[in-house]
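Residue numbers (the numbering used here), protein chains in the order written: chain G, 11 to 265; chain X, 138 to 335. C-beta atoms are modelled at their ideal positions from N, C-alpha and C, and glycine is treated no differently. Since the model is a prediction, treat every value here as computed from it, not as a measurement.
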Amino acid sequence: MARRIVPCLDVRDGQVVKGVRFRDHRVMGDIIDLAARYRDEGADELVFYDITASPQGRSVDVDWVRRVSETIDIPFCVAGGIRSVESAGQVLAQGADKISINTPALEDPGLIDRLVRAFGSQCVVIGVDSIADQGAYTVRSHTGDPDRMRTPGRQTMDWLREVVERGAGEVVLNCMSADGTRAGYDIEQLRAARELLPIPLVASGGAGSPDHFIAVFRQADVDAALAATVFHSGQIPIPQLKNTLAEAGIEVRPC
Amino acid sequence: MAIAVVDSGGANISSVLHALRRLGAEPNFTSSPAAIRAADRVILPGVGAAGRAMEILGQRGLADVIRELKQPVLGICLGMQLLFESSEEDNASLLGLIPARVRRLPETPGLRVPHMGWNAIRNLRPDPLTKSLNGRWFYFVHSFAAPIGDWTLSSSVHGEPFSAVVQRDNFRGAQFHPERSAGAGAALLRHFMESPPA
């Protein structure tokens, strides 16, 4: 099976934006244009994160989800603002392949079970924001808004075990200490997560060079690597990245 | 050409409809037996669990309607599995068009279930549906799979080989999601629409 390359697009009001440390969001372009560009460049999957929806308690405006589904023919996942079986159902009905939940799962873990029962494991992705501190990994919630971020007091690895037991189909582990640094993925933390996860694991946070992708696939055995800035800025073109990975002996889908 | 997409109760069927529209078709998403019988092509999509899907087909009186179709039929993902005799999922009895049992993917260390990602397929015998698609990559999302048999047009591997594309008489099926498999998936759907009437 090919390792997946997954650009993550932060969406606000139908536009793709990019903020620095979640502040001062800058418009990067139209959501459909960027989705189509990544599809053409050989992205294996896209994640759309509705950054306005989650912190303010709004749900996802589903119209752009339908437009994305009409346009692109690769799988995509919608994150942000989904806090019930009903809102998840609306997003899936518009053509999203998966939904990802983070804070709502921490607040109400039973939501994972209910989503799995309603839509099947394969649709249910759990996003986990985790901070490494002196060898201990702990989860953060409400990370979409720096002023509201909380520490629910859960150990990351305990939480990962729980989401698997509840039937989650995939985990996106965002290593917050690495996020935005472009200094490489948190291999140590991802490797610890890999050891206990029988379901697909997506690495997030820290990508800055093609070598970082090689390292995370080789050393942490993740199924997919997610990144935003290095793709949006054009610093790492996806076709070139996939060639580099293939040359390093890592199986990828040819562009 | 009339294309019926069977409404079997799944949550995210619209991606199949969008894919067909991108190819210029005007699919009719329906649970009407008359519309399904009258269609030139029938697509049986399916996301969710086998037992529940059969229950819905039964409630809507569609199980026998589908079994008796003579035009080309394409099952997608769970829709492909429904063509088989039975499944380990929910211990469900299926449509019984292909004599084999769908099994859970093996729980092997290092092997992820669900199988979620892109795999290449290998054509085991020629068919208009899979023409020129040997070695191409498709997007799979599944926890259950059909074994290899004389019904297998193309195989793929996740821990062990399984049926990626199947055919028996006018019934065909793909374990992967052609609607989410970029150019290769579009080619398969086009082949299905262009396939000669059975």
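Neighbour flag for residue i against chain X, beta carbons, 7 Å
i	result
G:ILE209	yes
G:MET167	no
G:ARG47	no
G:ARG31	Bear in mind that a pLDDT of 47 at G:ARG31, under 50, signals an unreliable position, so the number given afterwards is only what the model happens to contain. By this cut-off, G:ARG31 is not an interface position.
G:GLY259	no
G:GLU51	no
G:GLU96	no
G:ARG77	no
G:GLU80	yes
G:GLY216	no
G:ARG14	yes
G:ARG36	no
G:ARG263	yes
G:ALA237	no
Of the listed residues the options, nearest to residue i (C-alpha basis)
i	options	result
X:MET330	X:LEU157, X:GLY195, X:VAL143, X:LEU219	X:LEU157
X:HIS155	X:PRO334, X:HIS328, X:HIS314	X:HIS314
X:VAL159	X:PRO334, X:SER332, X:PRO333, X:LEU326	Note that residue 159 of chain X is Arg in the sequence shown here, rather than Val. When only C-alpha atoms are compared, the closest one is X:LEU326.
X:GLY91	X:THR167, X:GLY185, X:ILE213	Nothing can be reported for residue 91 of chain X, as the shown portion of chain X is limited to 138 through 335.
G:ASP139	G:MET159, G:PRO264, G:ALA128, G:GLU175	G:MET159
G:CYS18	G:GLU205, G:LEU206, G:ARG47	G:ARG47
G:GLU172	G:PRO208, G:PRO249, G:ALA193	G:PRO208
X:SER169	X:VAL143, X:SER151, X:ARG189	X:VAL143
X:GLU222	X:GLY272, X:ILE193, X:PRO284, X:ALA171	X:PRO284
G:PRO249	G:VAL262, G:GLU51, G:ILE122	G:GLU51
G:GLY154	G:ARG22, G:ILE260, G:VAL16	G:ARG22
X:PHE275	X:GLY185, X:PRO334, X:ALA176, X:ALA324	X:ALA324
X:VAL278	X:GLY195, X:VAL210, X:ALA176, X:ARG241	X:ARG241
G:SER94	G:ASP123, G:ALA106, G:ILE82	G:ASP123
G:GLY130	X:PRO243, X:SER280, X:ARG259, X:GLY247	X:SER280
G:ARG204	G:GLY177, G:ASP40, G:LEU56, G:ALA234	G:ALA234
X:ALA257	X:GLY247, X:GLY272, X:GLU244, X:ILE193	X:GLY272
Chain X residues whose Cβ lies nearer than 8 Å to that of residue i
i	result
G:GLY105	ASN149, SER151, SER152, HIS155
G:SER131	PRO251, SER280
C-alpha gap between residue i and residue j, whole angstroms
i	j	result
G:GLY26	G:HIS152	The residue you asked about is not Gly; residue 26 of chain G is Val in the sequence shown. G:VAL26 and G:HIS152: Cα-Cα distance of roughly 20 Å.
G:ARG49	X:ASP306	35 Å
X:ILE140	G:ASN112	39 Å
G:ARG31	G:GLY190	A caution first: G:ARG31 carries a pLDDT of 47, below 50, which makes its placement in the model unreliable, though a value can still be read off. Looking at the two C-alpha atoms, the distance is approximately 7 Å.
G:ARG36	G:GLY24	13 Å
X:GLY183	X:GLN218	9 Å
G:LEU255	X:SER230	44 Å
X:MET253	X:LEU270	20 Å
G:GLY137	G:TYR147	15 Å
G:PRO162	G:LEU116	8 Å
X:VAL294	X:ALA282	10 Å
X:LEU206	G:GLY218	54 Å
G:LYS28	G:ASP20	6 Å
G:GLN100	G:ALA128	12 Å
G:ARG77	G:MET38	18 Å
X:GLU104	G:ASP231	Outside the modelled stretch of chain X, which goes from 138 to 335, sits residue 104 of chain X, for which no answer is possible.
X:THR289	G:VAL262	25 Å
X:ARG317	G:VAL135	18 Å
X:LEU261	X:LEU211	18 Å
G:ALA103	X:SER151	6 Å
G:ILE260	G:ASN253	10 Å
G:PHE86	X:GLY185	18 Å
X:ARG195	G:ALA142	Correcting the residue type first, residue 195 of chain X is Gly in the shown sequence and not Arg. Those two C-alpha atoms are separated by around 52 Å.
X:ILE213	X:VAL179	11 Å
X:ARG309	G:LEU44	35 Å
Chain G residues whose Cβ lies nearer than 8 Å to that of residue i
i	result
X:HIS295	MET11
Partner residues on chain X for residue i, Cβ-Cβ distance less than 7 Å
i	result
G:ASP233	ARG249, GLY254
G:ASP71	Neighbours of G:ASP71 on chain X: none; closest Cβ ~16 Å, over 7 Å.
G:ASP54	TRP255
Amino acids of chain B, ordered along the chain, whose beta-carbon sits closer than 7 Å to that of residue i
i	result
X:GLY322	As a matter of chain content, chain B is missing from the structure shown, whose protein chains are G and X.
Test: residue i CB closer than 7 Å to a CB of chain G
i	result
X:GLY185	yes
X:ALA319	yes
X:TRP288	no
X:ASP144	no
Chain G contact residues for residue i, given Cβ-Cβ distances below 7 Å
i	result
X:GLU316	ASP83
Proximal chain X residues relative to residue i, where beta-carbon distance stays under 9 Å
i	result
G:GLY179	PRO251, MET253, VAL278, SER280
G:ARG158	Residues of chain X passing the Cβ test: none, with the nearest at roughly 31 Å.
Ignoring anything shorter than 3 residues, give me the beta strand (DSSP E) runs that lie fully in the region 147–214 of chain G, in order along the chain. Within the region 147–214 of chain G, the complete beta strand (DSSP E) segments of 3 residues or longer fall at 180–185, 211–214, listed in chain order.
Going along the chain, which unbroken runs of the beta strand (DSSP E) with 3 or more residues stay wholly within the region 210–264 of chain G? Segments of the beta strand (DSSP E) lying fully in the region 210–264 of chain G: 211–214, 234–237.
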